[in-house]
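Report on the following structure.
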Amino acid sequence: MGPNKMMRKRMVWAVCIITILCFGVVSVALFKEQVIDYEFYSMKAEAQQMSDTAITANRGTIYDCDMKVLAQSATVYNVVVSPADTTDEKKEIIASGLSEILGIERDVLESKLAKQNSYYELIQKKVDKATADKIRAFVSEKKITTIYLYEDSKRYYTYGNFASHILGFTGSDNQGLEGIESYYDSFMTGTPGRIISAKNALGNNMPYDYDQIYEPTDGYSLVLTLNEVIQHYLEKHLAVAVREHNIQNRAVGLVMDVNTGAVLGMATKSDYNPNDPFTIYNPTTEEAADMLSGQTETPTLAEAQQAQWRNKAISDVYEPGSVFKIVTASAALEEQVVSLSDGFTCNGHFTVSGTHFNCHDTAGHGNQTFLQAIANSCNPAFIMVGQRLGANKFYKYFNAFGLSRKTGIDLPGEAAPIYYKENQLGPVQLASVSFGQSSAITAIQMITAVSAAVNGGTLYQPYLVSKVLDNSGNVYESFEPKAIRQVISEESSELIAQALEETVLTGGGRNAYIKGYRIGGKSGTAEKLSGDKDARVASFVAVAPADDPQVAVLVILDEPKSYSSYGGTIAAPVVAGVLQDILPYVGIERQYSEEELQNLEVTVSNVIGKTPHAAQTTLNQYGLNSTIIGSGETVIKQVPSGGSTINRGGNVLLYTTEDTSSHMVTVPDLTGLTVSEANMRLLNAGLNIKIIAPANSGGAVAYKQSIEYGTEVVKGTVITVEFIDRSGTD
Amino acid sequence: MQKKKKGFKELIFGKGDMDTVFFVILLVIITFGLVMLFSASFANAHYYKNDSLYFIKRQAGFAIIGVAAMLIISKIDYHLLHKLALPLYAVSLLLLVIVLFCPPSNGARRWIPYPINFQPSEIAKFAVILLFAHLISLEPEKMKTFKYGFLRFVLLLLPVVGLLLLEPHLSGTIIMLVIGCAMMFIGGTQLRWFGAVGGVGVLGLGAIVLSGKIEYAMSRLQGWIDPFSDVQGDTYQTVQSLIAIGSGGIFGKGLGNSRQKYLFLPEPQNDFVFAIICEELGLIGAIAVIVLFAVLIWRGLQISLKAPDKFGALLSAGLIIQIGVQVALNIAVVTNTLPNTGISLPFFSYGGTSLLMLMAQMGIVLSVSRHSKIKKA
Chain A
-7 MGPNKMMRKR
3 MVWAVCIITI
13 LCFGVVSVAL
23 FKEQVIDYEF
33 YSMKAEAQQM
43 SDTAITANRG
53 TIYDCDMKVL
63 AQSATVYNVV
73 VSPADTTDEK
83 KEIIASGLSE
93 ILGIERDVLE
103 SKLAKQNSYY
113 ELIQKKVDKA
123 TADKIRAFVS
133 EKKITTIYLY
143 EDSKRYYTYG
153 NFASHILGFT
163 GSDNQGLEGI
173 ESYYDSFMTG
183 TPGRIISAKN
193 ALGNNMPYDY
203 DQIYEPTDGY
213 SLVLTLNEVI
223 QHYLEKHLAV
233 AVREHNIQNR
243 AVGLVMDVNT
253 GAVLGMATKS
263 DYNPNDPFTI
273 YNPTTEEAAD
283 MLSGQTETPT
293 LAEAQQAQWR
303 NKAISDVYEP
313 GSVFKIVTAS
323 AALEEQVVSL
333 SDGFTCNGHF
343 TVSGTHFNCH
353 DTAGHGNQTF
363 LQAIANSCNP
373 AFIMVGQRLG
383 ANKFYKYFNA
393 FGLSRKTGID
403 LPGEAAPIYY
413 KENQLGPVQL
423 ASVSFGQSSA
433 ITAIQMITAV
443 SAAVNGGTLY
453 QPYLVSKVLD
463 NSGNVYESFE
473 PKAIRQVISE
483 ESSELIAQAL
493 EETVLTGGGR
503 NAYIKGYRIG
513 GKSGTAEKLS
523 GDKDARVASF
533 VAVAPADDPQ
543 VAVLVILDEP
553 KSYSSYGGTI
563 AAPVVAGVLQ
573 DILPYVGIER
583 QYSEEELQNL
593 EVTVSNVIGK
603 TPHAAQTTLN
613 QYGLNSTIIG
623 SGETVIKQVP
633 SGGSTINRGG
643 NVLLYTTEDT
653 SSHMVTVPDL
663 TGLTVSEANM
673 RLLNAGLNIK
683 IIAPANSGGA
693 VAYKQSIEYG
703 TEVVKGTVIT
713 VEFIDRSGTD
Chain B
212 MQKKKKGFKE
222 LIFGKGDMDT
232 VFFVILLVII
242 TFGLVMLFSA
252 SFANAHYYKN
262 DSLYFIKRQA
272 GFAIIGVAAM
282 LIISKIDYHL
292 LHKLALPLYA
302 VSLLLLVIVL
312 FCPPSNGARR
322 WIPYPINFQP
332 SEIAKFAVIL
342 LFAHLISLEP
352 EKMKTFKYGF
362 LRFVLLLLPV
372 VGLLLLEPHL
382 SGTIIMLVIG
392 CAMMFIGGTQ
402 LRWFGAVGGV
412 GVLGLGAIVL
422 SGKIEYAMSR
432 LQGWIDPFSD
442 VQGDTYQTVQ
452 SLIAIGSGGI
462 FGKGLGNSRQ
472 KYLFLPEPQN
482 DFVFAIICEE
492 LGLIGAIAVI
502 VLFAVLIWRG
512 LQISLKAPDK
522 FGALLSAGLI
532 IQIGVQVALN
542 IAVVTNTLPN
552 TGISLPFFSY
562 GGTSLLMLMA
572 QMGIVLSVSR
582 HSKIKKA
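Chains as they are written, first to last, in the numbering used here: chain A, -7 to 722; chain B, 212 to 588.
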C-alpha cells in the first residue's frame, strides 16, 4: 500500500521547507552578495587579482657646467622571496645561496623564510645588476621559482664625498632629501609608470591579456653652474686646511663668478658621502663615537647626521670681521664721504660714547691714507668712516648689498642673517658694525656682496642650476644670471678692487699673493661669541684678476687650533692655493711684472747626452749656474733633472760619472728663516731652492720645506720652501 | 501484463519504465557539474598536480561508472533493501568507530583511506535513511506511540550522531539530525515529540560543549560573523569565496573566466565549487543551479508520492531530502549564511566515492520510480 494521506502531506511539507525556504534564503544571500554588494566585492577582487606594479621613473641626472655626471640613477633590484610556496628543502638551498651572494647572516634569512603565510618577504633592497645576475644564475641552476627580483632605482654619486653639501642625497624611495636633490626634487623625480596585470595568488601573472602599461616619465636633469674641476681644487685645499689648522667647527669654501652670481664651487669640510649619507664620517663628540659602536637609531645619531648634512656655506651665520670692511668701504666711496687718499690717524684704539674699541695693532697704524687703512684693516679708521656715513646710509648699503635678507640661492636650508636694523644702530653699534663686528651673515651672502663690490657694482642673486633638461636632453628651462640691483657705481667698484689688490701687495693679504697674477683680497678674523674666548673665525676673500675681476674665492675656517688664528695668516694661503689651481683652468694666464720676472723660476733643460760645456752653455741661457762633476765626455746624469723648476740663479750639477755617492749632502733646517737666508743656506749646502712666498716677502719666514731636514740627498736637489707672512693681524 | 517487443529502451532501462524526467535532470546536473568542476579545478590541478586534467579525469571516470551503477541499481527491486537495513546500520557504526583511528586531516578524522578513500558518514546517512524507512514501513500504525514512533529512532540516531561528533564532523551531524527528523516527520511521528527533538538538539549542543570541541566550534563562529576581520586566518577560504561570488555580479565573468580559481580560493574543486559557478556564471548561473536542484527534488517528491508502498516512498523521499539539505547547506556555507563546516555540493564537488554513493542512491530512487504510478515522460 502506498503512502497514506498524512505521509504525502508531510512529504510535501518537508520538500517545500527545503526548496522554498532553504533555497530561498540562500538565493537572497546570493542576491545580496552578487547584486547589492557587487561593488564591494569587485574592489576586493581587483585589489588582490590585479597586480599594480610601479615602474620606477629614472631620476634626472645632475651634471656640472661641462656636462660631467655628478649624480645619476641606475636600475637596481629588490630581492623578494615568497616563503608560503617554498618547500622546506628549497628554503635550505635559498638560505645558503642568498646568504653567500648577498652576504646576509644565515639566521636572518632563515627567520624570514620561516614566515609560512607570507608571499612577500623583502630580503634585500637595491642590489646592483651584477648581484642580480648572480641571483638569476643561482635561481635557474637550483630551479627555484619563488625568488623574485623587482626593479628599483638607486642613486649613484660619481665622485663620492665630492660636493656632498650641494648635491644632497636621496632617500630609500628615491626622494630628494638634501641639497639640490631636495630643492629640485619635483623636477627630478619624474612620474612613475604602472603595469596593471592579472595575477594569481602567488603573484604570478595569469594567462590573460589584462595588462595595461603606463610608461613612466623620467625626471628632468639639471646642469649646475658648479665646475667639477674647480670644486675638486676647492675641496682639496679646504680639506688640507682643516687638518693642518685643526679646525674645530668645519670650514667653508666658496668660488663665485663675480659677474653672474653663478656658484662655481661650494664646499663644507668635513663632509659626508651621499652614496651612504647616514654613516657618520667625522664623529665630533665622544657620544657620537659611542653611538656609532652601539645602537643604530638614537637621538644622538640623528643629531650627528643633521650636523654632517648641514651646508655651512648657507645654513650657518658667522661674523665676517674685517672682510666686512669691503662693504663699509664701498658704501663710503660711493657716497663720497671718503676718498682713498684721505688721511686717518690711528693710535691703536678708539672710543665711541664711552665704549673702547681696540685696533688689531694696539701700537697704532699712525698716519695713513684710507687706501692704507684698508690694507692695514685699521679699525679706528673704519669707525670714523662709519661715523661719516651715518646709520641711515650704512644701513642703506647693508641692505643694498643683500645682507639683510636671504640671498634666495636655489638650495634648501638657507639661514637668515642677524643684524642691527637702522633704528637699532646707535653710535656704539654703528662703530662696531663698521669694521665687521656684531653682524652675523652667511658665507654665501658675504661672497655675493664682495662680488657686487668688485664686478662694477651689480648685485646678482647667487645660483647653482643653470639649466633644466627634459628627458630627451632638450633645454626645458634656462636660468639666466639675475641682477638684483646696482649697489655702487663702476668707478667706486674699481676703487675697491684697487684697494683689495693693495691689501694683497702690501697689507694683511700678502699671503694670498701669487706670482704672475693680480689678486685682490681681504682677511677677516672674528671672535666667536660662543665657545672659549680664544675661539676665532678666520676667513679670507680674494678676487682675481684685480684689474678685471672674474672670480671670487672665500674661505672660512671656523675655530682653528693652530699656530695662528688670523685669517690673513691661515685662510689666505688656502685661497691662494685655490686661485693658483683654478685661474689657469678658467683661462686666466699669468702675467709677470718686471720685478717678478727677475725672481722667476726657470724650467731646467734636459742636457743629458750633451758634452759638459755644451750643457753649461744651454743652462746659462736660462740664467742657471752649473757644476761639472767627474771627467767624463758626456753628461750622464743631472740634478735637478730636466723639466723641474728652480729659481733663476740656481745651480745644476752635471755628472759625467755614474758614482754619485760622494756627492751626498744633508738637508738643513730652514724653519723661521727669511727668503734670502733660506736661499743662502741651501746654496751653501749645494742644494737648490724653489720659493713659494707671499707678496713683498721681506717679512715672510719659512714654515714648510719639501724635504725634511736631516735627510741625505744628492747635491743639486731642489728643496721647495714655503714662506708665510705672520706679521699680519687683520 | 502484455508481451511487448523488446526495444532499445527496454534494453537500457529494463522492465517497467523508470522516470526519465528525473533521470534526464540528473544527467543535466551531472554534466553541468563536470563542466564546472573542470573550470574550477584546472588551475589548482596545474599548479599542485602538474596536470590540468587531474581532477576532471578522475571525476569524469567516476561519473561514467556512477551512471552505469545507477542504471544497474535502478533495475534491482528496492524491496531487497529491507534485508540490508539492519546490517548496513551495524556496518556504519563499525566504520564510524574505525574512522576514529584513522589519520586526521585538518584536525578531524573523517576519512578511511582503505580500500579507497571514503567517508563512513556518507554510508551512515544512507544507512539511517534505509533503516528508518524500513522500520516505519514495517509497522506504520505504531508510529503514533512514543516508544515506536519516537524513542527507538532517537536511540538509533544517538550513537551515529555521537560518533560523528567525535570525528568531529559538525555538518555531517547536522545533516544526520535533519534527515533523521525528516524521516520521522514523514513517517508519522507525532509533532509534539519533535519538541523533544529540540531537546535532543540541545543535548547535542551540550555534547559538543562537553566533548571539549567548543573551541573548535567557536573559532568557526567568530570567522562567520566577520570573515574580513582576520583574512589570513581560518576565514581565508570564506573570504575568497565571498569575493568570488560578489565579483561575479549578475551575469558573471563568463564560463572559464574565474580569477579566484587561480589559487586565491583554496581547493575550488571541493566544497567551494559553487563560488566559482557564481563568479563565472553570475547570479543567473547560481539560480539556475538552484532551480535544477529544486526541479530534481520536486520530481523526486512526485516519485515518492506515487510510490507503490510506504517503504519506497520513505526511501526515495529520504534520499531526495538528503540531496536538498546538502545543497542548501553547501550554498549557505559558500555564501557565509552559515559558518564554514565542510560540506560538499552534490554532483558538483570533487570526490569519486561521494559521487558514486550519490548516484547509487539516485539509482534507488529510479528503482522506486519503476514501480511508481507517476506519469512518465
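C-beta: ideal position from N, C-alpha, C; glycine also.
For clarity, every value in this text was computed on a predicted model and none was experimentally measured.
B:Val372 and B:Thr384 have their C-alpha atoms roughly 6 Å apart.
Beta-bridge annotation (DSSP): A:Phe532 is paired with A:Ser515 and A:Val547. Nearest in C-alpha terms to A:Arg0, of all of B:Glu378, B:Ile397 and B:Val579, is B:Ile397.
For the pair B:Phe361 and B:Trp404, the CB atoms are nearer than the 7 Å cut-off.
Leaving aside the five residues that flank A:Gly622 on each side, the residues in its chain whose CB is nearer than 7 Å to its CB run, in chain order, Tyr647, Thr648 and Thr649. Taking a Cβ-Cβ threshold of 7 Å, the residues of chain B close to A:Arg0 are Leu516, in chain order.
Taking the beta carbon of A:Leu114 as reference, no residue of chain B falls within 7 Å; the closest one sits roughly 18 Å away. Check the Cα spacing between B:Thr546 and each of A:Val17, A:Gly642 and A:Leu214: the tightest is with A:Val17. Under the DSSP assignment, A:Lys117 falls in the beta strand (DSSP E) whose first and last residues are Glu113 to Val119. With fewer than 16 other Cβ atoms inside 10 Å of its own Cβ, A:Trp5 counts as exposed. In this structure, the CA atom of A:Ser485 is about 29 Å from the CA atom of A:Ile716.
The C-alpha of A:Glu483 lies about 19 Å from the C-alpha of A:Lys388. Here DSSP, grouped into helix, strand and coil, assigns B:His345 to helix. Put simply, the CB of A:Thr11 is near chain B, with a gap under 7 Å to one of its CB atoms. In terms of CA proximity to A:Arg397, A:Pro409 leads the group A:Lys107, A:Cys338 and A:Pro409. With contacts defined as CB atoms closer than 7 Å, A:Val599 and A:Leu616 fail to qualify as a contacting pair. Non-local C-beta neighbours of B:Ile267 in its own chain, meaning closer than 8 Å and more than five positions away in sequence, comprise Leu245, Leu248, Phe249, Ser252, Phe253 and Ala256, ordered along the chain. Collapsing the DSSP output to three states places A:Arg477 in a strand.
Less than 7 Å divides the Cβ of A:Ile306 from the Cβ of A:Ile436. Proximity of A:Val460 to chain B, defined by a Cβ-Cβ separation below 7 Å, is not satisfied. With a cutoff of 7 Å on beta-carbon distance, A:Leu456 and A:Leu62 are scored as not near each other. Among the CB atoms of chain B, one or more fall inside 7 Å of the CB of A:Leu22. Along the region 393 to 408 of chain B, going in chain order, the ones with a CB nearer than 8 Å to a CB of chain A are Ala393, Phe396, Ile397, Gly398 and Gly399.
In the pairwise beta carbon analysis, the region 532 to 542 of chain A is classified as touching the region 559 to 570 of chain A: at least three pairs are separated by under 8 Å. For A:Ile139, the closest C-alpha among the options A:Ala568, A:Tyr111 and A:Leu549 is that of A:Tyr111. Taking a beta-carbon distance threshold of 7 Å, A:Gln26 counts as an interface residue toward chain B. Around A:Val72, no beta-carbon contact reaches into chain B at under 9 Å, the shortest distance being about 18 Å. Secondary structure remark: continuous beta strand (DSSP E) runs of at least 3 residues inside the region 106 to 178 of chain A, in chain order: 113 to 119 and 139 to 149.
By the CB criterion at 7 Å, B:Leu512 and A:Val20 fall outside the cutoff.
In the three-state DSSP reduction, A:Cys338 falls in the strand class (E or B).
For A:Tyr310, the three-state secondary structure derived from DSSP is strand. Residue pairing by DSSP places A:Gly245 opposite A:Ala259 and A:Val547 in a beta bridge. Counting only the Cα atoms, B:Ala518 lies some 9 Å from B:Ser527.
Of the other Cβ atoms in all chains shown, fewer than 16 fall within 10 Å of the Cβ of B:Ala301; this residue is therefore exposed. Here B:Tyr258 carries a helix assignment [DSSP, helix/strand/coil].
A:Glu482: member of the alpha helix (DSSP H) spanning Glu482 to Thr498, first to last residue.
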